[in-house]
Amino acid sequence: MTIFNFCAGPAMLPAAVLKRAQAELLNWNGQGTSVMEVSHRGKPFMAVAEKAEADLRTLLNVPSNYKVLFMHGGGRGQFFSVPLNLAKRGNLAQHLVTGQWSDIAVKEAAKYMQSEVVAQSANVGGRVCVPLQSSWDINKQAAYFHYCPNETIEGVEINWVPKTGNVPLVADMSSNILSKKIDVSDYGIIYASAQKNIGPSGLAVVIVREDLIGLERNDTPAIFSYKEQSAAGSMYNTPPTFSWYLAGLVFEWLLDNGGIAPIEAANLVKAQTLYRCIDNSDLYRNQVSNDNRSKMNVVFQLGDGSLDSEFLKQAELSGLQALKGHRAVGGMRASIYNAMPLEGVTALVEFMQEFERTHG
Ligand SMILES: Cc1ncc(COP(=O)(O)O)c(C=O)c1O
141 MTIFNFCAGP AMLPAAVLKR AQAELLNWNG QGTSVMEVSH RGKPFMAVAE KAEADLRTLL
201 NVPSNYKVLF MHGGGRGQFF SVPLNLAKRG NLAQHLVTGQ WSDIAVKEAA KYMQSEVVAQ
261 SANVGGRVCV PLQSSWDINK QAAYFHYCPN ETIEGVEINW VPKTGNVPLV ADMSSNILSK
321 KIDVSDYGII YASAQKNIGP SGLAVVIVRE DLIGLERNDT PAIFSYKEQS AAGSMYNTPP
381 TFSWYLAGLV FEWLLDNGGI APIEAANLVK AQTLYRCIDN SDLYRNQVSN DNRSKMNVVF
441 QLGDGSLDSE FLKQAELSGL QALKGHRAVG GMRASIYNAM PLEGVTALVE FMQEFERTHG
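Going letter by letter, the sequence shown gives residues 141 to 500 in the working numbering.
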């Protein structure tokens, strides 16, 4: 039976990447050791690190005035790193809150700065909507403006970029980085935890505009300092070398498959296929407004909640894993990141239709 893993994170990785890592595990680069067992400062690993960065730059067309950092601490590590590193720009952090992750970012920033919510998503006619920027204002004095363009838990995605003028825009792209084309120059800082579209958990990729480096509080721990890490090529201390290597393999896999444009098109087809199934059914429903439906995390409820456990049990038996929604939202969540093939979505849709026929 083919297994399809819909986990929100750590999420499935491309099979081709895992096979390559497996093939290289005991004898990487002809060294007779694994990549985990070599010095991060030796030439062979430095070449891996540099290629990973170069490939990421190519994929996202990162302008030369941005640094790419490979940091510890995942997504949450950046919730405090951002306010620490931008402290000298001011004492006010502004936030758009559209779900749990952007809300946690507000609370974490509040430990270091005045942290203010400018707008938040609302329930309009039973559906979750992100308010358009025309309905809120950004304070020009703010040190930065933070938002999360894809809320992994609620399945809410924002398909436009806030205009923040001279206030640096900071985006937590943990769950939709590399899923679609973006213009990096719209942002002051983009960061992402790795465990959805990049590689193993624990790693955070940070893309930061150079003029925003060196504005940190004096007590910023060195391993979380953009200045220290960029001066040290992200090797101020021992970096998560295996995660970095695996991220590099994922970037290479994306490039080998044509880069962002084809994966964006494939992601659209996958998401449309799943939402169409939900919309055409009497049993399933998704309560996010059409404009804000995530293409990465498709959240749905069964009209009759008492069927949830039976749905999950039958799904597991059919090889469809990890469909349980986040405990805060309930229901189901199918995470369909870059590595999920269309066949996985088709198998899920067929299962959902059959489940509705027999239980609806
Ligand atoms: C959007 C988003 N931000 C932040 C995080 C936190 O990442 P981490 O667990 O790596 O700290 C997650 C984790 O799932 C996430 O989905």
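Here a beta-carbon is modelled for each residue, glycine too, at the ideal position from N, C-alpha and C.
- The Cβ-Cβ distance between Phe285 and Val307 falls below 9 Å.
- Straight-line spacing of the CA atoms in Cys288 and Gln240 works out to 10 Å.
- Judged by DSSP secondary structure, His499 falls within the alpha helix (DSSP H) whose first and last residues are Leu482 to His499.
- Annotated as proximal: Ala474 and Phe146, with beta-carbon spacing under 9 Å.
- In the three-state reduction of the DSSP assignment, Arg433 falls in the strand class, which pools E and B.
- DSSP, read as helix, strand or coil, puts Leu463 in coil.
- Proximity annotation: ligand 1 has residues Gly149, Gly214, Gly215, Arg216, Trp241, Thr292, Asp312, Ser314, Ser315 and Ser333 in chain order, each selected because its CB is closer than 5 Å to a heavy atom of the ligand.
- In this structure Met480 is in contact with Met152, their Cβ atoms being roughly 6 Å apart against a cut-off of 8 Å.
- Leaving aside the five residues that flank Ile353 on each side, the residues in its chain whose CB is nearer than 6 Å to its CB run, in chain order, Tyr366, Lys367 and Ser370.
- Here Cys269 carries a strand assignment [DSSP, helix/strand/coil].
- Approximately 5 Å separates the beta-carbon atoms of Leu309 and Tyr327; this is inside 8 Å, confirming the contact.
- Look at the region 189 to 227 and you find these whole runs of beta strand (DSSP E), each 3 residues long or longer: 206 to 212.
- Proximity to Ala148 across Ile476, Phe451 and Thr498 peaks at Ile476, based on C-alpha coordinates.
- Ranked by how close their Cα comes to the Cα of Pro150, the residues Gly342, Asn167, Glu350 and Arg467 have Gly342 in first place.
- Cβ-Cβ separation between Asn279 and Ser315: approximately 27 Å, too far for a contact (criterion under 8 Å).
- In the structure shown, Tyr252 adopts coil according to DSSP, grouped into three states.
- The count of Cβ pairs closer than 8 Å, one atom from the region 401 to 418 and one from the region 426 to 441, reaches three, so the stretches are in contact.
- Beta bridge pairing from DSSP links Phe144 with Leu460.
- Assigned with DSSP and collapsed to three states, Arg181 falls in coil, not helix or strand.
- Secondary structure at Leu309: strand, using DSSP grouped into helix, strand and coil.
- Membership of Val237 in the beta strand (DSSP E) is indicated by the continuous run Leu232 to Val237.
- One Cα belongs to Ala468, the other to Lys321, and the distance between them is close to 30 Å.
- At a Cβ-Cβ threshold of 9 Å, Leu394 and Leu318 count as neighbours.
- For Asn263, the enclosing beta strand (DSSP E) starts and ends at Ala262 to Val264.
- In the structure shown, the three-state DSSP call for Glu294 is coil.
- Leu226 and Val348 have their alpha carbons spaced roughly 11 Å apart.
- Across the structure, Pro302 and Ser261 are spaced so that their CA atoms are roughly 14 Å apart.
- Beta-bridge pairing by DSSP links Gln240 to no other residue.
- Taken in chain order, the complete beta strand (DSSP E) segments of 3 or more residues contained in the region 334 to 370 are 343 to 349.
- For Ser174, the three-state secondary structure derived from DSSP is coil.
- A check of alpha carbon separations from Gly230 across Ser255, Ile244, Asp243 and Gln454 identifies Ser255 as the nearest.
- Of Leu488, Ala189 and Gly500, the smallest CA-CA separation from Asp444 is found for Gly500.
- The criterion of a C-beta distance shorter than 9 Å is not satisfied by Val439 and Ala387.
- Its chain contains Leu224 and Asn225 as the residues whose beta carbon lies nearer than 7 Å to that of Thr360, once the 5 sequence neighbours on both sides are disregarded; these appear in chain order.
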